[in-house]
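What follows is a single structure, written as structure tokens, with notes after it.
Number of protein chains: 2
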Amino acid sequence: MKNLGYYNGKFGLLEEMMIPFNDRVCFFGDGVYDATNATNGKILFIDEHIDRFFNSAGLLGIKLPYSKSELADLLYEMLAKVDSDINFVYWQQTRATSPRNHAFPDAPSNLWIMIKPATLKPYDELIKLTDMEDHRFEYCNIKTLNLIPSVLAAQKAEVEGCDECVFHRGEIVTECAHSNISIIKDGIFKTHPLDHHVLPGIARAHLIKACKANNIPVDETLFTMDELRDADEVIVSSSSNFCMIAGTLNGAPIGGKDHQTLMTIQNYVVDEYHEYCGIK
Amino acid sequence: MKNLGYYNGKFGLLEEMMIPFNDRVCFFGDGVYDATNATNGKILFIDEHIDRFFNSAGLLGIKLPYSKSELADLLYEMLAKVDSDINFVYWQQTRATSPRNHAFPDAPSNLWIMIKPATLKPYDELIKLTDMEDHRFEYCNIKTLNLIPSVLAAQKAEVEGCDECVFHRGEIVTECAHSNISIIKDGIFKTHPLDHHVLPGIARAHLIKACKANNIPVDETLFTMDELRDADEVIVSSSSNFCMIAGTLNGAPIGGKDHQTLMTIQNYVVDEYHEYCGIK
Chain A
424 MKNLGYYNGK
434 FGLLEEMMIP
444 FNDRVCFFGD
454 GVYDATNATN
464 GKILFIDEHI
474 DRFFNSAGLL
484 GIKLPYSKSE
494 LADLLYEMLA
504 KVDSDINFVY
514 WQQTRATSPR
524 NHAFPDAPSN
534 LWIMIKPATL
544 KPYDELIKLT
554 DMEDHRFEYC
564 NIKTLNLIPS
574 VLAAQKAEVE
584 GCDECVFHRG
594 EIVTECAHSN
604 ISIIKDGIFK
614 THPLDHHVLP
624 GIARAHLIKA
634 CKANNIPVDE
644 TLFTMDELRD
654 ADEVIVSSSS
664 NFCMIAGTLN
674 GAPIGGKDHQ
684 TLMTIQNYVV
694 DEYHEYCGIK
Chain W
424 MKNLGYYNGK
434 FGLLEEMMIP
444 FNDRVCFFGD
454 GVYDATNATN
464 GKILFIDEHI
474 DRFFNSAGLL
484 GIKLPYSKSE
494 LADLLYEMLA
504 KVDSDINFVY
514 WQQTRATSPR
524 NHAFPDAPSN
534 LWIMIKPATL
544 KPYDELIKLT
554 DMEDHRFEYC
564 NIKTLNLIPS
574 VLAAQKAEVE
584 GCDECVFHRG
594 EIVTECAHSN
604 ISIIKDGIFK
614 THPLDHHVLP
624 GIARAHLIKA
634 CKANNIPVDE
644 TLFTMDELRD
654 ADEVIVSSSS
664 NFCMIAGTLN
674 GAPIGGKDHQ
684 TLMTIQNYVV
694 DEYHEYCGIK
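The structure is reproduced here in structure tokens:
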């Protein structure tokens with residue numbers, strides 16, 4: 424099939440599937456999700472994504488009526504039915520289907536899955552960044568379906584011909600519309616600490632693993648927009664494009680000053696990806 | 424009918440209607456809404472609600488393919504088909520139906536409507552409040568479908584046997600899970616100024632109108648949780664229950680010290696409501 428959707432036991436093409444009007448996602452965005460890339464029939468770092476998904480659900484009090492392995496089995500069963508070699512694998516749980524009322528209803532939660540073809544950017548492409556004040560809520564550690572600020576940021580990037588939009592709270596860089604952001608300065612890898620202002624990115628964790636394996640110091644600390652502009656290298660990471668190199672911010676060149684450290688990190692995570700997915 | 428739903432030209436019972444999986448509300452909560460009470464066949468302050476709705480849509484760049492009067496006509500046409508005398512009238516516009524991608528797609532937006540029976544609280548009932556740190560985003564002036572923090576606050580109220588939850592940013596009171604909040608102190612009506620931290624409530628505007636008509640000074644300025652605890656009266660307002668009196672905060676008594684000013688305001692807005700809806 425060209426793509427595949429799932430909602431509470433029903434399967435179909437994404438563009439043909441229907442869901443209940445009273446699913447609480449429709450009125451409150453009341454749900455959590457996770458997503459990753461699948462290449463060559465392997466769902467990248469699936470266990471880490473499912474762990475984070477269960478954590479997101481727990482933080483919002485959304486009950487998941489299946490085990491982690493049952494979810495993984497279903498994702499793999501669906502992936503096998505989609506034609507493309509590279510896919511976006513996405514799943515979400517919404518709190519319930521119930522007449523609109525803010526407080527939690529006594530009703531079961533709903534599982535949604537989508538699998539659709541994806542393309543990965545080449546690793547050596549220099550991406551373009553814009554920026555925006557980070558007006559998001561303080562639950563950014565939870566992967567929720569309340570994503571309007573990220574939509575606005577992604578749209579700003581699109582309009583300006585950029586690839587991503589850097590969020591900053593005042594001068595402090597947090598993350599991007601749908602990626603984490605890290606810098607290399609004087610041989611040190613710097614990235615925002617894990618708190619309620621950033622998502623605990625799986626790709627971010629693998630970048631840190633790459634640094635530790637290669638004796639590159641890791642500094643999980645706040646950094647500013649000025650430090651971003653002055654960085655030796657700027658890395659933008661997500662599970663779809665997990666070690667992108669940024670080349671400009673608002674049209675001005677950034678990074679490009681420590682190719683060796685950058686390549687050490689990128690080669691490590693690309694090798695990990697290739698190994699996981701069985702790519703020679 | 425016992426209730427009535429609408430989605431892009433289709434009508435049905437709310438619990439039977441279906442919407443497309445790819446409506447962007449499902450992944451991003453990407454839409455805006457407005458809602459009010461209808462009594463006796465009249466939709467309360469409909470023009471003000473539709474004005475605010477058009478403003479919310481404009482602020483997020485969601486295009487509305489109808490005029491204000493066309494929307495009002497459709498709401499009235501649907502209201503006439505629902506049995507109850509008192510109804511909740513709710514409508515929302517979601518950005519588009521399109522494969523999941525953060526940036527805006529080139530596709531038309533979707534209109535949703537729900538009309539269902541409602542009950543109003545008696546005006547003399549003293550409501551119970553709890554409180555919670557306000558971790559919401561800084562787009563609270565826009566009536567969006569990104570409502571997880573309000574859901575969590577309403578659930579906290581429910582669990583604690585309260586009617587509403589007061590949000591505060593640090594010590595500053597902003598609003599409640601689904602109401603504005605105002606205080607009377609020394610004969611002055613105080614309420615949070617209109618900015619990105621509160622919704623421009625229609626009921627709030629009518630409370631201010633009531634004050635001005637009765638020579639009660641209005642102070643649209645920040646006030647703290649201590650000022651809330653120390654207030655002469657505490658008013659919680661929404662379009663469903665537009666002048667509720669709070670009696671406790673976290674179980675401790677609040678207000679109850681300026682019945683005369685409170686009644687002057689409440690009587691004015693209740694009279695306005697009765698007049699609008701043709702209630703003798």
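Going down the list, the sequences are from chains A and W. Basically my numbering = 1-based index in the first sequence + 423. Basically my numbering = 1-based index in the second sequence + 423. Cβ atoms here follow ideal geometry from the backbone N, Cα and C, with glycine treated the same way. From a predicted model like this one, the values you see are computed outputs, not experimental measurements.
- Scanning A/Thr644, A/Asn637 and A/Asn603 for the CA closest to the CA of A/Ile625 turns up A/Asn603.
- Close CB contacts of A/Lys680 within its chain, under the 6 Å cut and outside five residues either way in sequence, are with Asp655 (chain order).
- Less than 8 Å divides the Cβ of A/Phe612 from the Cβ of A/Cys634.
- Not a single C-beta of chain W is nearer than 8 Å to the C-beta of A/Lys635.
- One Cα belongs to W/Asp446, the other to W/Lys433, and the distance between them is close to 15 Å.
- Among the residues facing chain A, W/Gln516 is not included, as its CB has no counterpart in that chain under 8 Å away.
- DSSP places W/Asp554 inside the beta strand (DSSP E), whose first and last residues are Leu549 to Glu556.
- Within a 10 Å sphere around the beta-carbon of A/Ser490 sit fewer than 16 other beta-carbons, which makes this residue exposed.
- Against chain A, the CB of W/Cys585 has no partner CB under 8 Å away; the residue lies outside that interface.
- Only those residues of the region 437 to 463 of chain W whose C-beta falls short of 7 Å from the nearest C-beta of chain A are listed: Leu437, Glu438, Met440, Met441, Ile442, Pro443, Phe444, Asn445, Val448, Cys449, Phe450, Phe451, Gly452 and Asp453.
- Spatial neighbours of A/Glu587 in its own chain (CB-CB distance under 7 Å, excluding positions within 5 residues in sequence) are listed in chain order as Ile550, Leu552, Ala580, Cys599, Ala600, Ser602 and Val659.
- At least 8 Å separates the CB of W/Tyr699 from every CB of chain A.
- As the crow flies, the alpha-carbon of A/Ile485 is around 9 Å from that of A/Phe477.
- Note that the region 457 to 470 of chain W does not touch the region 441 to 460 of chain A; fewer than 3 beta-carbon pairs, one per stretch, sit closer than 8 Å.
- For A/Ala480, the uninterrupted alpha helix (DSSP H) segment begins and ends at Ile469 to Leu483.
- At least 8 Å separates the beta-carbon of A/Asp554 from that of A/Val582.
- Taking C-beta separations shorter than 7 Å and ignoring five residues to either side along the sequence, the partners of W/Pro623 in its chain run Arg475, Asn564 and Leu617, following chain order.
- At the C-beta level, A/Leu568 and A/Gly454 come within 8 Å of one another.
- Ranked by how close their Cα comes to the Cα of A/Gly670, the residues A/Leu685, A/Ser662 and A/Ser661 have A/Leu685 in first place.
- In the three-state reduction of the DSSP assignment, W/Asp618 falls in the coil class.
- In this structure, W/Asp506 and W/Met440 do not form a Cβ contact; the two beta carbons are roughly 18 Å apart against a cut-off of 8 Å.
- With respect to chain W, the C-beta atom of A/Arg592 has no partner C-beta closer than 8 Å.
- The Cβ atoms of A/Leu437 and W/Phe450 do not sit closer than 8 Å to each other.
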